[in-house]
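Structure first, commentary second.
There are 2 protein chains.
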Amino acid sequence: MSLSPYQHLEKRFKRVQVLRSITHLLRWDSEVLMPLGSSRIRSEQLALLDTECSAILLSKKTAVLLDRVESSSYSLDEWEEANVREMRRHWLYAKAIPKYLMNSLHRATTKAEVVWRRACEENNFKILSPHLEKVVDVVRDKAQFLGNAFGCSSYDALLDEHDPGRKSAEIDPIFQKLDLHLPPLIEKIIDKQSANLPVKISEKIPKSKQKDLGRFIMKKIGFPFNKGRLDESLHPFTEGTSEDLRITSLFAESDFLSGLMGILHETGHAMYDFGLPPDRFFQPVGRDRGMTVHESQALFLEMMIGRTPEFMNFAGPIVSRIFGVSGPAWQPENLYRMATQVRKSFNRMNADEVTYPMHILVRYELEKDIFSGSLRVKDLPDAWNEKFHKRMGIFPENVNQGCLQDSHWPQGYFGYFSTYALGAIMAAQLHRALKVEIPGFMQEIQQGDFSNLFDWLGKKIFQHGAKLSSQELLRQATGDSLNSDFYLDYLKEKYFVDTDIHS
Amino acid sequence: MSLSPYQHLEKRFKRVQVLRSITHLLRWDSEVLMPLGSSRIRSEQLALLDTECSAILLSKKTAVLLDRVESSSYSLDEWEEANVREMRRHWLYAKAIPKYLMNSLHRATTKAEVVWRRACEENNFKILSPHLEKVVDVVRDKAQFLGNAFGCSSYDALLDEHDPGRKSAEIDPIFQKLDLHLPPLIEKIIDKQSANLPVKISEKIPKSKQKDLGRFIMKKIGFPFNKGRLDESLHPFTEGTSEDLRITSLFAESDFLSGLMGILHETGHAMYDFGLPPDRFFQPVGRDRGMTVHESQALFLEMMIGRTPEFMNFAGPIVSRIFGVSGPAWQPENLYRMATQVRKSFNRMNADEVTYPMHILVRYELEKDIFSGSLRVKDLPDAWNEKFHKRMGIFPENVNQGCLQDSHWPQGYFGYFSTYALGAIMAAQLHRALKVEIPGFMQEIQQGDFSNLFDWLGKKIFQHGAKLSSQELLRQATGDSLNSDFYLDYLKEKYFVDTDIHS
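So the protein sequences, as listed, match chains P and E. Start counting at 1 in the first sequence, then tack on 10, and there's your number in my numbering. Start counting at 1 in the second sequence, then tack on 10, and there's your number in my numbering.
Now the structure itself:
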């Protein structure tokens, strides 16, 4: 039986997806298990898999098949049409960037990341600066090639890489509103919380017990351990495919709550991947719809579900039982206050949900300035500090508190940070829609029942894969387009109303 | 700068080797970590890597390059010449077997392995029989194709797959001698040992402590943990390359010695791989010289080094310290007696070094009968029992004690078992040569100093990779060809002389 051109394309993209699933596993292994001295062969392995993927995408036959399918009258259903659109998108990405530039990018980021680690140790931006400049130069070239291919500005091309179809023209007004309304809100919340600070936990909790707790909660949430794992790594992350998905968290003996919240966050990522349409598993249209949607799922579970009185009422007794602890610090109400304490800090990664967007706004503005040419890399530290101080009223004392704290830029990731804040906004919108459609869902969480929650997310988000645009996905799920008002409303209600009820 | 045809070949075979190194890691992960429900995507991954390897080997360009390099007067050094010979060998293997047959083999063995597990649970050979017959049929076809390509008999082609260049005409007289002299030796040793049985260990040792012990001993031996790991799995194995090599053992709380001996065995495998010539890492000539040599290294470390009074004098105090144990059972001399106790048992995997070859001879004869056509698969259980009884004087009561105990045949591995016994013989010959060249080396082992031992093995075996034939390698190292007299002498001396000295 001969295959149609569309089926031939599916076969080719299946091979790409299988190769990528191997890449995921190797990356996970590199972070979790790989002996330190094995990085040379690991680089060779990852590079070869990448070369093989590109070879399939860029082979003449793929181009010919794509042209034929797009220009012909083959009857495709809506999933297949969306799949062809996504295939073309992947093809354009592979085609747009010359190989020499990918090699330059690889060399520049490999070097910059190594120097970045040293720069952090020495609290010294100057040694990183020339290497980061090199990375920016290469990324700028890459962005120009992508912009030409997609017919958009360079910076929009970088945004598109992580969040397909998102443009700065959509983001700017959303972030401006946050910039206007969040700083006074932060002041008010900190002031209010100062009257009722949480009791501190004094017990140290062994890592093995923290993992037991994590696995217990994950099972309750519905994480399918027959197709996934929980392990430890230096930073929490999720890697893999819905056929083999592995999450990690970091377990500090004196701070179990961060580890648990990390698990919720990564479980949110994982549940999205597990819920993607299984019959499209090997196809581009069966993948997730970019990092804003992905982050929305992680933040939804961590912030809107996990950092709530109802979740703590559910989890508190489990925590006490598994850890063998009791006392005022371990009461659900105190755990809730710990999990929602707002602080002005220099550090993005441990920031609470109220101050978090401020960290993102600083980075988003700096990126735009760098790629518009108005900011030079060597001037980053001062520009960072100024923008940070303007929003948070505190001034970083050194570069480790400032522009050295993230690995994204040395690794060549520009246009990525915005998805964290946009994901939070999207999560708040989903939260609002869910409250309307299933008014009692937080009572179910309190009972440890997550089934309706994930049924709803499955229908609204997971099962659509990459069929719709991110914007259309949100509109169909909530009736609204992305709008930071919903996030501000969510914060106001949670931090001024809910706490009054429960404390 | 343009590459020579030879350099082009090296590039292509490097890609094959990198792809294979990924296969190794995926296999390790499947056995040690993979969630059970992820086997479907894992099969897809392994199959695709295999397809990619074949595509490189079988591309027209590879054939053209091989022809050019072989027929031309390019000046190659001896390593390069040996490399071309190995490349041609790999090419012939890939070329000889039609793709449809590889697919049939994959299907037949996948099915047979699943049924084999059930057959073991039900202690029932009949349900496996038709599936094993199918495997044998496909392997027979494969062996014919290989035999034609290599100009040898079908069974010799199967031997060659695992132990390049080894023929049954070489093996037969070696095994006949064992068959003649081992049975009376076994009787005598068991009789002698019955007068002085070891004291039994009553303590249960937690797995974590057994791993601590294993890692400590491995470090002493010289296992480079910056490029390797120790983990647990259902059966001990070694997987990976010298850039990332992972061994496993099985840790039973009531039998630490099996776990430790498993670690020594796998460390022996690993040290060989670590010692392969690093500048040939990506080339066929830089790989190991087949399974007899590999097994010789594992058995050398486990049997000739590990199961000795000197090793136990070294390891005993470490065992006591790490486990926190003491008493008569934990004395080095008792541990030695435990590690060298000879028993007639039905089980190959846990067999001692004296009875072990008998288990192999049974399998070797049965394989030859199957491939000569004189034995049908359905008649295997009776034939097994008869051959086993003839040698060991005991009769398996059921198929789990007999022909169901190994997974090799359902997995399609025929011609493999012989390498276990040949490896033991080769190890004994190396042991004898080492005793002549470094007479005091066992005193060094007693001091925990393994450096001269591995320097010697490195020079004699490791550093030659696949440059020499297995026969030539042994001849250069010891002056002799493979000969079971050395093994019989080794056993006589160890079991009649050494124990008298030390007990």
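Virtual Cβ for every residue (Gly too), placed ideally from N, Cα, C. A quick note: this is a predicted structure, and the numbers were derived from the prediction, not measured.
Residues of chain P whose Cβ lies closer than 8 angstroms to the Cβ of Met44(E) are, in chain order, Asp254. At a cut-off of 9 angstroms between beta-carbon atoms, Pro194(P) makes no contact with chain E.
For Ser259(E), there is no enclosing alpha helix (DSSP H); the enclosing beta strand (DSSP E) covers residues Asp254 to Ser259.
Not a single CB atom of chain P sits nearer than 9 angstroms to the CB of Ile332(E). Against Thr251(E), the close residues of chain P are Ile51, in the order they occur along the chain (beta-carbon pairs closer than 8 angstroms). For Val28(E), the neighbours in chain P by C-beta distance under 8 angstroms run, in chain order, Ile51, Glu54, Gln55 and Leu58.
Met44(E) and Asp254(P) have their C-alpha atoms roughly 8 angstroms apart. Distance from the CA atom of Lys502(P) to the CA atom of His245(E), rounded to whole angstroms, is 58 angstroms. Here the alpha carbon of Arg290(E) sits roughly 15 angstroms from the alpha carbon of Arg30(E). By the criterion of a C-beta distance shorter than 7 angstroms, Leu444(P) is surrounded in its chain by Phe451 and Trp466, once the five residues flanking it on both sides are discounted. Among the residues of chain P, none has a CB under 8 angstroms from the CB of Arg98(E); the nearest is roughly 23 angstroms distant. Residue-level contact by beta carbon fails for Arg401(E) and chain P, as no gap is shorter than 9 angstroms.
Membership of Leu483(E) in the alpha helix (DSSP H) is indicated by the continuous run Ser480 to Thr488.
A Cβ-Cβ contact shorter than 9 angstroms links Leu270(P) with Gln220(P). Interface flag for Phe235(E) against chain P is set, since a Cβ pair is found closer than 9 angstroms. Contact of Glu62(P) with chain E is assigned, a C-beta pair being separated by under 9 angstroms.
With respect to Arg401(E), Leu192(E) sits close: the two C-beta atoms are nearer than 9 angstroms.
Looking at the DSSP output, Ala262(E) bridges to Asp265(E). Taking 9 angstroms as the cut-off, the Cβ atoms of Ala153(P) and Leu142(P) do not count as close. For the segment 212–241 of chain E, the set of residues with a beta-carbon nearer than 8 angstroms to any beta-carbon of chain P comprises Pro234, Phe235, Asn236, Lys237, Gly238 and Arg239, in chain order. Chain E has no Cβ within less than 9 angstroms of the Cβ of Leu68(P). Assigned with DSSP and collapsed to three states, Glu396(E) falls in helix.
With a threshold of 9 angstroms between beta carbons, Arg127(E) makes no contact with chain P. In terms of Cα proximity to Glu88(P), the closest of Val295(P), Leu376(P) and Met313(P) is Val295(P). Residue environment for Asn113(P): exposed (fewer than 16 other C-beta atoms within 10 angstroms of its C-beta). Contact of Arg25(P) with chain E by beta-carbon distance below 7 angstroms involves Leu58. In this structure, the CA atom of Ser178(P) is about 27 angstroms from the CA atom of Pro406(P).
By the Cβ neighbour-count rule, Met359(E) is exposed, with fewer than 16 other Cβ atoms within 10 Å of its own.
When Cβ-Cβ separations below 9 angstroms define contact, Leu138(P) makes no contact with chain E.
Taking Lys354(E) as the centre and dropping the five residues before and after it, the same chain places the C-beta of Ile196, Ile200, Thr365, Met402, Gly403 and Ile404 closer than 8 angstroms to its C-beta, in chain order. Residue pairing by DSSP puts Arg239(E) in a beta bridge opposite Arg256(E). Of the candidates Gly47(P), Leu414(P), Ala431(P) and Tyr505(P), the residue whose Cα lies closest to the Cα of Ala122(P) is Leu414(P). Nearest in C-alpha terms to Leu274(E), of all of Gln341(E), Leu86(E), Ser479(E) and Met313(E), is Met313(E). Collapsing the DSSP output to three states places Thr350(E) in coil.
Counting along the chain, the unbroken alpha helix (DSSP H) around Gly326(E) starts and ends at Pro319 to Phe333. In chain E, no part has a C-beta under 8 angstroms from the C-beta of Asp459(P); the shortest such distance is about 24 angstroms.
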